[in-house]
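Report on one structure; see the data block that follows.
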Amino acid sequence: MANSAKRILVSVSSKSPYWSEAWESSLQVIETAIGLLKESKLVCSDGNQDAKPKFIVKERWNVRTFIVFDIFHDTYDPDTAHLSGHNDLPVISVFLGEKISMNVASNFVENEVNRKVQEIHDATGIGSRPPFSVDHMYGNVPSYPNPRTIISLP
Numbered sequence: 001m002a003n004s005a006k007r008i009l010v011s012v013s014s015k016s017p018y019w020s021e022a023w024e025s026s027l028q029v030i031e032t033a034i035g036l037l038k039e040s041k042l043v044c045s046d047g048n049q050d051a052k053p054k055f056i057v058k059e060r061w062n063v064r065t066f067i068v069f070d071i072f073h074d075t076y077d078p079d080t081a082h083l084s085g086h087n088d089l090p091v092i093s094v095f096l097g098e099k100i101s102m103n104v105a106s107n108f109v110e111n112e113v114n115r116k117v118q119e120i121h122d123a124t125g126i127g128s129r130p131p132f133s134v135d136h137m138y139g140n141v142p143s144y145p146n147p148r149t150i151i152s153l154p
C-alpha cells in the first residue's frame, strides 16, 4: 500500500531541548519528528516505502524555529512549487516545546504552511533548490534579490 504525500511542519519553541539543534542540525530534528510520527501512527512505513524526508525550509524567529519537510512526495518539482495549486499537501504539525505534541493540521494551518512554502520558492528565484533558510533572528529582515515574480509598484 502506497503512502500519500504529506507536508510536515515542525515548530520548535525556544524552551525546547531541541531549540539550538533546530537551526544548527535541522536534519536531526527531522529524523526525531519522523520517529515521533511513526510512534504516534500519524505516519507509517509499509516496508516497501519509507518516510524519506525532502527538507524544504527552516525559518527562525526569536522564540520559534519552523522546519518544513515533505514525505512520500514523489511529484515534487521545485521549478513549479511557487505556483498556486502545484505544491499543496495535507499538513501534519509536530510541536517540540517543553512538551511534545502532534496532530493533523487544521485547514487554516495547512493553507498557511502551503502558502508560505510557495512564497519562499517564489522569493528565492528561478533555479533555487531547497532546503531554504530564512532567518529573522535579532530583527534580521531577509532579502531576496532575484524573485521569480517581480511586482511593479505604481
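Numbered according to UniProt numbering, the sequence shown spans residues 1 to 154. Ideal Cβ positions, reconstructed from N, Cα and C, are used throughout, including at glycine.
Can you give me the C-alpha to C-alpha distance between residue i and residue j, rounded to a whole angstrom?
i	j	result
Asp88	Pro142	24 Å
Phe32	Pro147	Residue identity check: residue 32 is Thr in the sequence provided, not Phe. Each residue's Cα considered, the two are about 33 Å apart.
Ser93	Ser14	17 Å
Leu36	Glu24	20 Å
Gln118	Ala105	18 Å
Please classify residue i as buried or exposed, where buried requires at least 16 neighbouring CB atoms within 10 angstroms.
i	result
Leu27	exposed
Pro130	buried
Tyr138	exposed
Ser84	exposed
Can you list, in chain order, the residues of its chain whose CB lies under 7 Å from that of residue i, leaving out five sequence neighbours each side?
i	result
Thr124	Phe132, Tyr144
His73	Ala5, Lys54, Leu89
Who are the near neighbours of residue i in its chain, counting only those whose CB is closer than 8 Å to its CB and skipping five residues on each side?
i	result
Asp70	Ala5, Lys6, Arg7, Ile8, Pro53, Lys54, Ile56, Tyr76, Leu89
Ala22	Val10, Val12, Ser16, Val29, Lys58, Arg60, Thr65, Ile67, Leu96
Glu98	Ser13, Lys15, Ser16
Met102	Leu36, Leu37, Ser40, Leu42, Ile92, Ser93, Val94, Phe95
Ile100	Leu36, Val94
Trp19	Val12, Ser13, Thr65
Asp122	His82, Pro147, Arg148, Thr149
Can you tell me whether DSSP reads residue i as helix, strand or coil?
i	result
Arg115	helix
Asn107	helix
Ser13	strand
Ser40	coil
Leu89	coil
residue 180	Since the first and last residues shown for the chain are 1 and 154, residue 180 lies out of range.
So, at 6 Å on beta carbons, what are the nonlocal neighbours of residue i in its own chain, with the 5 sequence-adjacent residues on each side left out?
i	result
Val63	Ser14
Val134	Glu59, Pro142
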